[in-house]
Amino acid sequence: METVVSGIRSTGNLHLGNYFGAIRNFLKMQKENNCFFFIADYHSLTTHPKPADLHANIRQVLSEYLACGIDPEVATVYVQSDVPEVTELYLLLNMNAYVGELERTVSFKEKIRKQPDNINAGLLTYPVLMAADIIIHRANKVPVGQDQAQHLEMTRRFARRFNTMYGVEYFPEPDAYNFGRKLIKIPGLDGSGKMGKSEGNGIFLADTPGEIRKKVIRAVTDTGPATPGEKPSVPVQNLFTIMNVVSDPSTVKYFREQHSLGVIRYGDMKKQLAEDIIKVTEPVRERINQISSDSAYLARVVAEGAEKARASASRTIREVREIIGYRPF
Ligand code: TRP
278 METVVSGIRS TGNLHLGNYF GAIRNFLKMQ KENNCFFFIA DYHSLTTHPK
328 PADLHANIRQ VLSEYLACGI DPEVATVYVQ SDVPEVTELY LLLNMNAYVG
378 ELERTVSFKE KIRKQPDNIN AGLLTYPVLM AADIIIHRAN KVPVGQDQAQ
428 HLEMTRRFAR RFNTMYGVEY FPEPDAYNFG RKLIKIPGLD GSGKMGKSEG
478 NGIFLADTPG EIRKKVIRAV TDTGPATPGE KPSVPVQNLF TIMNVVSDPS
528 TVKYFREQHS LGVIRYGDMK KQLAEDIIKV TEPVRERINQ ISSDSAYLAR
578 VVAEGAEKAR ASASRTIREV REIIGYRPF
């Protein structure tokens with residue numbers, strides 16, 4: 278059994294791509310491992326959210342993950358800021374993280390470009406905080422996408438550096454969690470690439486049916502039907518890919534035939550697609566709304582999660598302090 282840590286951005290609202298991709302894998306992963314899932318709400322302070330927004334985002338994202346089946350009875354589900362031990366480890370790790378290596382981080386350089394008016398020290402040390410999140414539970418595995426690969430590499434380096442500095446084998450060097458089978462990739466509605474939050478091409482689980490219809494109707498297609506027998510263009514194929522996941526096989530077959538006969542009407546296809554998306558997401562949308570309005574339930578989940586996470590984290594801090602040389606008198 279591996280120890281797995283996964284941080285969830287507090288602005289990381291779930292879209293269809295997550296729902297049919299990563300989340301499926303998380304549900305499997307939580308059964309087979311000792312999983313810690315947390316909302317990374319300290320990290321989100323780098324963008325200076327308003328207090329009310331900070332809380333609303335945490336509540337929403339937490340509700341979405343719970344609604345999708347992340348099970349607080351099975352995994353440890355907590356809010357990062359409920360576990361202050363993380364900040365102590367962050368401080369300790371900062372003492373041997375070098376400004377040069379932090380400045381060379383791809384994500385930091387990107388932030389400098391994107392928000393030149395707010396290049397704060399939290400951005401610079403973001404990878405150190407992420408490393409603290411991971412090694413505070415002495416995790417072996419982290420399910421991260423390509424965009425986080427460098428942060429994970431830095432985590433490995435910080436863990437190794439600590440071990441070398443103190444001549445111990447204390448922190449494991451965590452690897453990327455390998456899901457074995459391929460992730461289902463859901464394309465966006467803008468005709469190219471995969472669905473993503475920052476791409477602005479997504480359908481979110483919390484979108485209302487009205488919003489879903491509006492987004493799907495605006496999806497990129499071709500201006501007219503293809504000539505008979507022609508292969509679907511990339512934007513049209515993208516809609517078929519989504520349809521494969523949400524619609525009945527007979528529906529897909531019907532529109533495939535219409536397409537290859539050269540008589541397809543994309544408006545009809547998109548109307549059907551929107552209704553099918555609404556239908557498959559309806560139960561989870563209801564669960565999200567139900568959970569997010571149940572403050573008593575959420576309070577119980579985060580309190581229990583914090584207790585379990587703190588038990589693990591405080592043990593690490595105790596041992597780390599001992600290794601570093603903080604001793605009782
Ligand atoms: N940086 C991650 C992201 O942007 C979120 C995150 C914070 C994280 N701490 C983590 C992910 C620890 C995995 C493990 O998505």
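If you read the sequence shown in our numbering, its first letter stands for residue 278, the second for the next number, and so on. Just so it is clear, CB atoms sit at the ideal spot from N, CA and C, and this is done for glycine as well.
- Ala317 has its CB nearer than 6 Å to a heavy atom of the ligand TRP.
- Counting of Cβ neighbours within 10 angstroms places Arg336 among the buried residues, the total reaching 16 or more.
- Classified as exposed, Arg604 has fewer than 16 neighbouring CB atoms from the shown chains inside 10 Å of its CB.
- With contacts defined as CB atoms closer than 7 Å, Pro502 and Val529 fail to qualify as a contacting pair.
- DSSP places Ile411 inside the alpha helix (DSSP H), whose first and last residues are 403-412.
- Under the three-state reduction of DSSP, Asp452 is assigned to strand.
- No beta strand (DSSP E) of 3 residues or more sits fully in the segment 472-507.
- Considering only Ile300, Ile519, Asn311, Pro404, the residue with the shortest C-alpha distance to Met278 is Asn311.
- Linking Leu516 to Val497 through their CA atoms gives a straight-line distance of about 9 Å.
- Per DSSP, reduced to three states, the secondary structure at Ser527 is helical.
- Using a Cβ distance threshold of 7 Å, Asp424 and Gly284 do not count as a contacting pair.
- Between Lys547 and Val493, the beta carbon gap of about 5 Å places them in contact (Cβ cut-off 8 Å).
- DSSP places Thr353 in the uninterrupted beta strand (DSSP E) bounded by 353-356.
- With respect to Val421, Ala453 sits close: the two C-beta atoms are nearer than 7 Å.
- For His325, the three-state secondary structure derived from DSSP is coil.
- For Val281, DSSP records a beta bridge to Cys312, Lys418.
- Distances from the CB of Gly399 to the heavy atoms of the ligand TRP are all 6 Å or more.
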